[in-house]
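K.L.:
My questions will all concern the structure given below.
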Amino acid sequence: MNGEQATSYVLSKLEELKIDHMLVGAFSSNAYGVIRSTNDADIVVAFGESDLTRLFKSLGEGFILDRQMMLEGFTGSVRNVIKHSESGFDIELFRLSNDPHHQERWARRKDLDDIVNVLIVSGKSLDWTYIYQWTDRHGTTALLDHLKSEVES
Amino acid sequence: MTVESQSEIIALQKSILETKAARAGSVLPGLKMMEGVRLFDRVRERVKAAIRSQNPDWSEEMIHQEFLNQLEKQRRHAEKGIYRLIGYVNDDGMITPVKCEDENADER
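As they're listed, the protein sequences go chains E and U. Be aware that the first sequence starts at 1101, since it is given in the numbering used here, and climbs by one per residue. Be aware that the second sequence starts at -1, since it is given in the numbering used here, and climbs by one per residue.
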């Protein structure tokens, strides 16, 4: 099983177990922006108490659960990692928080570059009223306008 | 750098960006979504080929392990200072929180 197959397999198991989830990170920026390589799949999951172990047990051989729970400093998101040993690909599971759009999320240039690439490729078809509603709420409108000006210049 | 060469570079940058955007925009999002992991799969085989050629007497298992070690080092470097350990998950999905001194010890 390669990384692509491992990712599809994990997603199919999330569906099967009826665990709400959303692909984010490079998978979403590749869909709407410019393709870049990635060595992990970032998935936001609405985990109930035993869902992580339920998911892990359903995957079977070849997958390793990293038992460490990590807290991401920028957003306060809690992460668990499931490793696929044959491909070396990681599945990173971020537990759904009440507010996934923390302002601090945008401290890394890599994430800003993803936004710039999405603006370049899909900017005209985005729902700007909806996006500005969220940036106003999170105080990131000036940052978004700055990135838009980078694209337009 | 002359003003002329600077404006040529800016024009070239703009042209590269436009080509890149046009290429990316011409493919449906659903088709592009998995491209990042497909690239990773291709790169993995090339890295392993390089390890194999540098170590012709190694088994495939040793080569794969070396690839995983290199990847793990790269991940740790990229994540340095971003994550900190807050606990461990047991077989039942229960979480055992770590003490402060352990958090620092395992910080990535």
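Using N, Cα and C, we set each Cβ at its ideal position, and we do this for glycine too. This one's a predicted model, so the numbers in the text were calculated from it and none came from an experiment.
Any Cβ of chain E within less than 8 angstroms of the Cβ of U:V87?
P.N.:
Output row for U:V87: interface = yes.
K.L.:
From E:M1122, E:L1244 and E:L1196, pick the residue whose C-alpha is nearest to that of E:D1211; which is it?
P.N.:
When each option's Cα is compared against that of E:D1211, the closest is E:L1244.
K.L.:
Please confirm whether E:D1142 and E:G1162 have their CB atoms less than 8 angstroms apart.
P.N.:
No, these two residues do not count as a Cβ contact at 8 angstroms.
K.L.:
In three-state DSSP terms, what is E:I1143?
P.N.:
If DSSP states are grouped into helix, strand and coil, E:I1143 belongs with the strands.
K.L.:
Taking U:G79 as the reference, which of E:E1172, E:G1188 and E:E1186 has the closest Cα?
P.N.:
Measuring from the Cα of U:G79, the nearest candidate turns out to be E:E1172.
K.L.:
E:E1149 to E:Y1132, Cα distance in whole Å?
P.N.:
Taking the straight line joining both Cα atoms gives about 33 angstroms.
K.L.:
I'd like to know if E:G1160 contacts chain U, where contact means its C-beta is closer than 8 angstroms to some C-beta of that chain.
P.N.:
Output row for E:G1160: interface = no.
K.L.:
Helix, strand or coil: how does DSSP classify U:D104 here?
P.N.:
With a pLDDT of 49 at U:D104, under the threshold of 50, the modelled position of that residue is not reliable, and no figure is offered here.
K.L.:
So which residues on chain E does U:E6 lean against when the C-beta distance must stay under 7 angstroms?
P.N.:
Chain E residues near U:E6: none, gap ~17 angstroms exceeds 7 angstroms.
K.L.:
Using a Cβ cut-off of 8 angstroms, which residues of the region 33 to 52 of chain U contact any Cβ in chain E, in chain order?
P.N.:
The residues in question are E33, G34, V35, R36, L37, F38, D39, V41 and R42.
K.L.:
What are the boundary residues of the beta strand (DSSP E) that E:R1167 is part of?
P.N.:
From DSSP, the beta strand (DSSP E) with E:R1167 extends over F1163 to E1172.
K.L.:
Based on Cα-Cα distance, which residue from E:M1101, E:I1191 and E:Y1230 lies nearest to U:D39?
P.N.:
The shortest Cα separation from U:D39 among E:M1101, E:I1191 and E:Y1230 belongs to E:M1101.
K.L.:
Applying the 10 Å Cβ sphere with the 16-neighbour rule, what's the burial state of U:L26?
P.N.:
That one is exposed.
K.L.:
With distances taken from CA atoms, which of E:V1216, E:L1196, E:V1218 and E:F1189 is nearest U:Q68?
P.N.:
Minimum Cα distance to U:Q68 is reached at E:F1189.
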